[in-house]
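**Q** The structure under discussion is supplied below as structure tokens; questions concerning it will follow.
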Amino acid sequence: MALVIQNVKLAHRIYRLTIQGSYSARMGQFFMLRCWDTYPVLSRPISVHNLTEDSVSFLYRVHGTGTWLLSALQAGDKIQLEGPFGQGFPEPQGRTALVGGGIGAAPLLLAAKEIPDASVYLGYTSVPFGLTGFHEISRNVTVKSGGTIVDAVDPSRYDTIFACGPVGMMHSLAQKTESTNAELHISVEKRMGCGIGVCNSCTVTSAGKSRKVCTDGPVFPAKEVNWNDLHRL
Amino acid sequence: MALVIQNVKLAHRIYRLTIQGSYSARMGQFFMLRCWDTYPVLSRPISVHNLTEDSVSFLYRVHGTGTWLLSALQAGDKIQLEGPFGQGFPEPQGRTALVGGGIGAAPLLLAAKEIPDASVYLGYTSVPFGLTGFHEISRNVTVKSGGTIVDAVDPSRYDTIFACGPVGMMHSLAQKTESTNAELHISVEKRMGCGIGVCNSCTVTSAGKSRKVCTDGPVFPAKEVNWNDLHRL
Amino acid sequence: MISIDCELAGVPLSNPILAASGTFGFGKPYADLYPLRKLGGIVSKGLTLNPRPGNTGTRLYETPSGIMNSIGLENPGIRAFLDSELSEMASHGTAVIVNLGGGTLREYTEGAELLTEASLKLQAAGKRAIDMIELNISCPNIKEGGLAFGVENEQAQAVVRAVRRATALPLLVKLSPGARDLKEMARMCEAEGADGLSLINTIQAMAIDIRERRSVFDRAYAGLSGPAIKPIALRMVHQVARSVSIPVVGIGGISCAEDILEFIMAGAAAVQIGTFNFINLRAGDTLAEELIQLMDREGIPSLDDIRGII
Amino acid sequence: MISIDCELAGVPLSNPILAASGTFGFGKPYADLYPLRKLGGIVSKGLTLNPRPGNTGTRLYETPSGIMNSIGLENPGIRAFLDSELSEMASHGTAVIVNLGGGTLREYTEGAELLTEASLKLQAAGKRAIDMIELNISCPNIKEGGLAFGVENEQAQAVVRAVRRATALPLLVKLSPGARDLKEMARMCEAEGADGLSLINTIQAMAIDIRERRSVFDRAYAGLSGPAIKPIALRMVHQVARSVSIPVVGIGGISCAEDILEFIMAGAAAVQIGTFNFINLRAGDTLAEELIQLMDREGIPSLDDIRGII
Ligand SMILES: Cc1cc2nc3c(=O)[nH]c(=O)nc-3n(C[C@H](O)[C@H](O)[C@H](O)COP(=O)(O)OP(=O)(O)OC[C@H]3O[C@@H](n4cnc5c(N)ncnc54)[C@H](O)[C@@H]3O)c2cc1C
Ligand SMILES: Cc1cc2nc3c(=O)[nH]c(=O)nc-3n(C[C@H](O)[C@H](O)[C@H](O)COP(=O)(O)OP(=O)(O)OC[C@H]3O[C@@H](n4cnc5c(N)ncnc54)[C@H](O)[C@@H]3O)c2cc1C
Ligand SMILES: Cc1cc2nc3c(=O)[nH]c(=O)nc-3n(C[C@H](O)[C@H](O)[C@H](O)COP(=O)(O)O)c2cc1C
Ligand SMILES: Cc1cc2nc3c(=O)[nH]c(=O)nc-3n(C[C@H](O)[C@H](O)[C@H](O)COP(=O)(O)O)c2cc1C
Ligand code: FES
Ligand code: FES
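Residue numbers (the UniProt record's numbering), protein chains in the order written: chain A, 1 to 233; chain B, 1 to 233; chain C, 1 to 310; chain D, 1 to 310.
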């Protein structure tokens, strides 16, 4: 049980939840959250958005029941969180770009903090959100509303690219990156039961092997994933 | 859907919920309330505590999940209510007493309003609650905390007695009333599915016949109920 | 224009949404809440030849996303129904389906005969009567011991055969999820001349009152219904719909338009709403409209386009 | 002093709470969250002779108060388990139960032999080994077609008999709720020498993605678990516990100490916690303590005082 410090609405359906406590987590890792008893059954995986000495925060989009319940939290309310889980983004090599689509921006703030000279690209279907944090950290933020952010990224200028967003966006970025030397790593989503690697529900194929999003991922090298699979999830 | 005007905590686990709207209901009738989607499944039956031209209020005790969810309501929140259902208390004849035990006081406020010269007896295991309303309406309110309120009632002084409270309390009042001419009517509780008489889940035996608490009751003549049954519910 | 009218066992329905037996009485109290013609039809509470008092003790209990009931078929008997309820039940402008229960073969057949006779008389007088019988072969409390009629194929067969002979009315047989071999039983019903099948009835379940150290219900087990059982019901409807060519009515935990589409895609000709009527007493007021809106969003012009496509 | 230690098939347990197969891996990740000796035992994920890749597509889906899974027995195979997992699994100070699945009779027996051999070697070396085998006769994806092993008594009998011959380890047989005649199957297992029974496995269920117009799962059906199924599981455990004299392990939707007492009162010797481990990753840290507190409040000195009293 932890205490909610703040839960602010940033845009239509978009909230930032800040929870009290001293956590350590790597960029790209996630927590399993719940603020309800047994209904719905499963906890929700949400990436770490930001960390301070005495708080952890999450940026999330209201999707269904679980995130809707999260959105009703107020300062002082209790919440359960377990984590951090997963491997997160690997050590970046050389020039690095962070590419986020919509709520995919969530894990990139921590990444931007850990890699201060990374270029940040954020795309939104309509109104941007959560930009303040990025602007505070980075001088190199490109924002695009409408259209696709992939158009703004020139992969050949980077050695490492981290991306998080809709599968379609990540796939087109991967295609664009193929002909370059940049190593693209993407953050993948799949329905999770446990979050800790015991239930085998979150498997994806990476490099021809069955891998778990929760413990082997959520970040995988774009070259190794099976895009057909990801499109189906 | 209706709007919550107020939901105040009156004592440990005791709340008064006031809802916007113009309702008409007889004393002893109830509504089926819910402020959640499909979990828990069933709506909760709660007696009308008070009515004004543009509001209806309920006095309730937090018992399990449903009433706990009710207790979290705040002004401006939405709530679903259907009703009023049931027959409520009959027309009183002659001198009338209203006897409530604990949360059983809930339906008696409306009764006290409809029968201004009734004597009101309210018993509480510990701290009394909800008395202000009764004192505003009636000059004749006897309150007892600890012990049993039945001791304070002399049934021979009344022609009609309405009671609501724990089965044990109502039963001992019934025994005390037996040797008098007073007609005792009690408000009975049983798990309800529909509240409108279609599911046959709330049946009790009254005068040897199967009767539904939701449509034939919740008020029954004490003489006709089967106490063994009621003690088991 | 999206069309959701359909036909069930020869009876035209304005939409595929029926109210399930035991959760709708004979319609009356709901008629105060909304016009019942918004439903495709209503299924009466389970009726038996003679009145039944029902079970003692607790009759209803809440479980996670479900309810358990042990009503025990309390009902006024078929004669009282015909005398006092049918004409009003037939006045709402929606299909009238009578759910028929019984403890013995004779009770079933005599019941069916009474219903058929009364219905034909009304029809002859130009009045709306009983559109369909739904034969409930999974009543608790019957002579053969518990759910036996709905469990063993041979026993079910005897009832279906006898009732089929006893009535000319369209006949649905309501299957129990406890059937030893559900697909086999479905095929048997089809072979015996049933015009359709409906499923599932409640699932046998148990709850224990640990304080009192006894079963919550006087009869140890009771029937589970509601959203909790929907995934099980959907599987069974899918299995049965692929096993027979008569129409199948899907029942079990349905609580929104999405659920209805799932059942239709699994092969159901129509659906019944049971427990959800308690969750929302006005469910039937809006479900058909919500179904149309959903089909519109999903680009589904008619139920026939998607029925049984899975 | 309230005592909750117990014995299962000859194996002493510190408490009756086991972690269910498929929801606990081999224990490892939970060991980071709390000391696993707080559990009476842990059941390994389902193992088969050879490694299995598991099913394609969606493997998990949420339903009202339940989850559906179609993992398809993904597992590293028994040899890899023996080489890389068993010694750590046996190091937590809690009973080790290996869940054994299979697609053919031979796969089952060879698996059982491998496990038994390895276990005896470890024991001979004075190390904790496998305390019990839980034979899962309701695996999806098997040669005989779907759940057949767990459905038909004759097929189940062949497996139980063969595995019983193949191992000297205490043997639990895990029953499927889809068995055609559950009580009969339980009695068969007892007659074939099973030391205990565990039930229920997940209930076959279905979910349809109405947008994609296909089943959510690549294999049409999947298994339902969680609080939604508890009332059904409790009924089945009650039925089975009264049909046999070997111990029965109750499984299905258990999510609090009250639920555990219900299963014990229904006749269970012990219980398993499955889906609830996902609801609360630290469930096993507190459940035994909560059970003691509840028994204290209810004046129950030991599990034996209430076992099977309903
Ligand atoms: C590793 C990881 C990190 C994530 N980080 C974020 C984040 O930082 N911010 C954010 O807004 N969202 C994030 N998501 C997605 C988020 O988990 C889902 O939006 C959320 O679970 C939806 O729950 P719901 O109850 O609102 O929706 P419902 O659709 O009602 O959920 C039903 C079930 O499906 C699962 N589910 C639904 N959508 C997804 C999804 N996209 N991925 C995984 N499971 C899903 C739910 O967990 C739940 O079990 C992340 C997902 C993963 C796997
Ligand atoms: C006609 C009638 C009028 C009532 N009026 C009031 C009132 O004015 N104030 C008040 O505080 N309480 C009243 N009650 C009792 C109130 O309905 C229950 O306390 C409430 O339903 C408990 O719900 P829960 O979810 O908090 O408890 P839970 O125990 O979690 O509920 C589980 C289920 O049991 C049912 N249930 C539990 N206790 C009762 C009970 N005593 N009577 C009927 N069903 C029950 C619930 O409705 C629900 O379906 C009344 C009951 C009836 C029948
Ligand atoms: C209170 C109650 C009473 C019921 N009575 C009957 C009945 O008399 N005859 C019958 O065939 N089914 C009866 N049923 C079963 C329902 O018609 C339906 O098959 C079942 O509840 C599953 O649907 P649901 O989950 O939508 O409720 C009853 C169900 C409930 C909840
Ligand atoms: C994700 C998942 C995987 C499972 N894998 C297995 C398995 O490999 N072998 C087995 O016998 N049961 C397996 N089960 C069934 C559980 O052990 C248990 O019998 C079932 O989930 C019911 O219990 P519950 O409601 O507490 O989860 C699995 C269940 C789940 C949810
Ligand atoms: S969520 Fe359970 S293994 Fe990944
Ligand atoms: S609650 Fe349904 S008949 Fe009374």
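Idealized CB from N, CA, C, for every residue including glycine.
#1: Relative to chain D, which residues along the segment 50–69 of chain C have a C-beta separation below 7 Å, given in chain order?
#2: State yes or no: is the beta carbon of Gly197 of chain B nearer than 8 Å to at least one beta carbon in chain C?
#3: Would you mind giving the Cβ-Cβ distance between Tyr108 of chain D and Val163 of chain D, rounded to the nearest angstrom? I have them listed as a contact below 8 Å.
#4: DSSP has Met78 of chain A in a bridge; who is on the other side?
#5: Do Val248 of chain C and Gly196 of chain C have their beta-carbon atoms positioned less than 8 Å apart in this structure?
#6: With distances taken Cα to Cα, identify the nearest neighbour of Phe217 of chain C among C:Met68, C:Gly22, C:Thr48, C:Met1.
#7: Which residue's Cα is closest to the Cα of Lys127 of chain D: D:Arg180, D:Leu171, D:Glu154, D:Ala95?
#8: Kindly give me the distance between the Cβ atoms of Ser57 of chain A and Arg16 of chain A, rounded to whole angstroms, as I take these residues to be in contact under 8 Å.
#9: Just the C-alpha distance for Phe220 of chain A and Asn75 of chain D, rounded to the nearest angstrom, thanks.
#10: Measure the Cβ-Cβ separation of Gly100 of chain A and Leu131 of chain A and say whether it is below 8 Å.
#11: Find out if the Cβ-Cβ distance for the pair Gly146 of chain B, Ser119 of chain B is shorter than 8 Å.
#12: Once the 5 residues before and after Glu46 of chain D are set aside, which same chain residues still bring their CB inside 8 Å of it?
#13: Under 8 Å, with one C-beta from each stretch per pair, do the segment 198–213 of chain D and the segment 257–264 of chain C reach the 3-pair mark?
#14: Compute the minimum distance between the beta carbon of Tyr60 of chain A and the heavy atoms of ligand 1, and state whether it is under 7 Å.
#15: Roughly how many whole angstroms lie between the Cα atoms of Ser198 of chain D and Arg61 of chain A?
#16: Could you have a look at Met30 of chain C and say whether DSSP puts it in helix, strand or coil?
#17: Can you find a CB in chain C that lies within less than 8 Å of the CB of Asp181 of chain D?
#18: Comparing C-alpha positions only, which one of A:Ser71, A:Asp117, A:Gly76 sits nearest to Pro92 of chain A?
#19: Figure out for me which residue from B:Ser206, B:Leu81, B:Ala75, B:Pro107 has the closest Cα to the Cα of Gly88 of chain B.
#20: For chain B, is any of its Cβ atoms less than 8 Å away from the one on Glu88 of chain C?
#21: Do Ala20 of chain D and ligand 4 come close, with the Cβ less than 7 Å from some heavy atom?
#22: Which residues, in chain order, sit with a beta-carbon under 7 Å away from any heavy atom of ligand 5?
#23: What I want to know is whether the C-beta of Arg44 of chain A ends up closer than 7 Å to one or more non-hydrogen atoms of ligand 1.
#24: Measuring only the C-alpha atoms, how far is Arg106 of chain C from Ala112 of chain C?
#25: Would you mind reading off the limits of the alpha helix (DSSP H) that contains residue 234 of chain A?
#26: Using a Cβ-Cβ cut-off of 8 Å, state whether residue 338 of chain D counts as contacting chain C.
#27: Taking Asp131 of chain D as the reference, give the member of D:Gly267, D:Glu7, D:Val244, D:Ala288 with the closest Cα.
#28: What residues in its chain sit with their C-beta under 7 Å from that of Glu144 of chain C, if we drop five residues either side in the sequence?
#29: Over the uninterrupted alpha helix (DSSP H) stretch that includes Leu120 of chain D, give me the two end residues.
#30: Use the C-beta contact count for residue 339 of chain C: other C-beta atoms within 10 angstroms, 16 or more gives buried, fewer gives exposed.
#31: From Ile309 of chain D to Arg214 of chain C, what distance separates their C-alpha atoms?
#32: Which residues of chain C have a Cβ atom closer than 8 Å to the Cβ of Thr215 of chain D, listed in chain order?
#33: I want to verify the contact list: residues of chain A whose CB lies under 7 Å from the CB of Pro29 of chain D, in sequence order.
#34: Pick helix, strand or coil for Thr160 of chain B, following the three-state DSSP scheme.
#35: For the beta strand (DSSP E) that Lys209 of chain B lies in, which residues bound it at each end?
#36: For Trp68 of chain A, is the beta carbon positioned less than 7 Å from some heavy atom of ligand 1?
**A** Judging by the given coordinates:
#1: So the close ones are Thr63, Pro64, Ser65, Gly66, Met68.
#2: Judged by the 8 Å Cβ criterion, Gly197 of chain B is in contact with chain C.
#3: Beta-carbon to beta-carbon, Tyr108 of chain D and Val163 of chain D are separated by about 5 Å, close enough to satisfy the 8 Å threshold.
#4: Looking at the sequence shown, residue 78 of chain A is not Met but Lys. Paired residues: A:Leu3.
#5: Yes; because the gap between Cβ atoms is below 8 Å, this pair is in contact.
#6: Distances from the CA of Phe217 of chain C to each of C:Met68, C:Gly22, C:Thr48, C:Met1 were compared; the closest alpha carbon is that of C:Met68.
#7: Ranking D:Arg180, D:Leu171, D:Glu154, D:Ala95 by Cα distance to Lys127 of chain D puts D:Ala95 first.
#8: Indeed they touch by this definition, with Cβ atoms about 6 Å apart.
#9: Each residue's Cα considered, the two are about 22 Å apart.
#10: No, the pair does not count as a contact, with Cβ atoms beyond the cut-off.
#11: Going by C-beta atoms, Gly146 of chain B is not nearer than 8 Å to Ser119 of chain B.
#12: The sequence given here places Gly at residue 46 of chain D; Glu does not occur at that position. The beta carbon of Gly46 of chain D sits closer than 8 Å to the beta carbons of Ser21, Gly22, Leu73, Asn75, Asn99, Leu100, Gly101, Asn136, Cys139 from its chain, once the five residues preceding and following it are set aside; these are given in chain order.
#13: Yes, the segment 198–213 of chain D touches the segment 257–264 of chain C.
#14: It does: the Cβ of Tyr60 of chain A is within 7 Å (strictly closer) of some heavy atom of ligand 1.
#15: A direct Cα-to-Cα measurement between Ser198 of chain D and Arg61 of chain A gives close to 42 Å.
#16: It should be noted that the sequence gives Tyr, not Met, for residue 30 of chain C. In the three-state scheme derived from DSSP, where H, G and I count as helix and E and B as strand, Tyr30 of chain C is classed as helix.
#17: For Asp181 of chain D, the nearest CB of chain C lies under 8 Å from its own CB, placing it at the interface with that chain.
#18: Residue A:Asp117 holds the alpha-carbon nearest to the alpha-carbon of Pro92 of chain A among A:Ser71, A:Asp117, A:Gly76.
#19: Residue B:Pro107 is the option with its Cα nearest to Gly88 of chain B.
#20: False, the Cβ-Cβ gap to chain B never drops below 8 Å.
#21: Yes.
#22: Any residue whose Cβ sits closer than 7 Å to a heavy atom of ligand 5 makes the list: A:Met192, A:Gly193, A:Cys194, A:Gly195, A:Ile196, A:Gly197, A:Val198, A:Cys199, A:Asn200, A:Ser201, A:Cys202, A:Lys212, A:Val213, A:Cys214, A:Thr215.
#23: Within the cutoff, so yes.
#24: Going from the Cα of Arg106 of chain C to the Cα of Ala112 of chain C covers about 10 Å.
#25: Because residue 234 of chain A is not part of the residues shown, which for chain A are 1 to 233, the question remains open.
#26: Since the displayed chain D opens at 1 and closes at 310, residue 338 of chain D lies outside it and no answer follows.
#27: Ranking the options by Cα distance to Asp131 of chain D, first place goes to D:Glu7.
#28: Confidence in Glu144 of chain C is poor, its pLDDT being 47 and thus under 50, which makes the residue's placement unreliable; the coordinate value appears in the next sentence. Once the five neighbours on either side are set aside, the close Cβ partners of Glu144 of chain C are Gln155.
#29: Judged by DSSP secondary structure, Leu120 of chain D falls within the alpha helix (DSSP H) whose first and last residues are 105–124.
#30: No information on residue 339 of chain C is available, as it lies outside the stretch 1 to 310 that chain C covers here.
#31: Roughly 8 Å separates the two Cα atoms.
#32: The question names Thr, but residue 215 of chain D in the sequence shown is Ser. Per Cβ cutoff of 8 Å: Ile310.
#33: In chain order, Ile196, Gly197, Val198 make up the part of chain A whose C-beta sits under 7 Å from the C-beta of Pro29 of chain D.
#34: Strand, per DSSP.
#35: DSSP places Lys209 of chain B inside the beta strand (DSSP E), whose first and last residues are 209–212.
#36: At least one heavy atom of ligand 1 lies closer than 7 Å to the C-beta of Trp68 of chain A.
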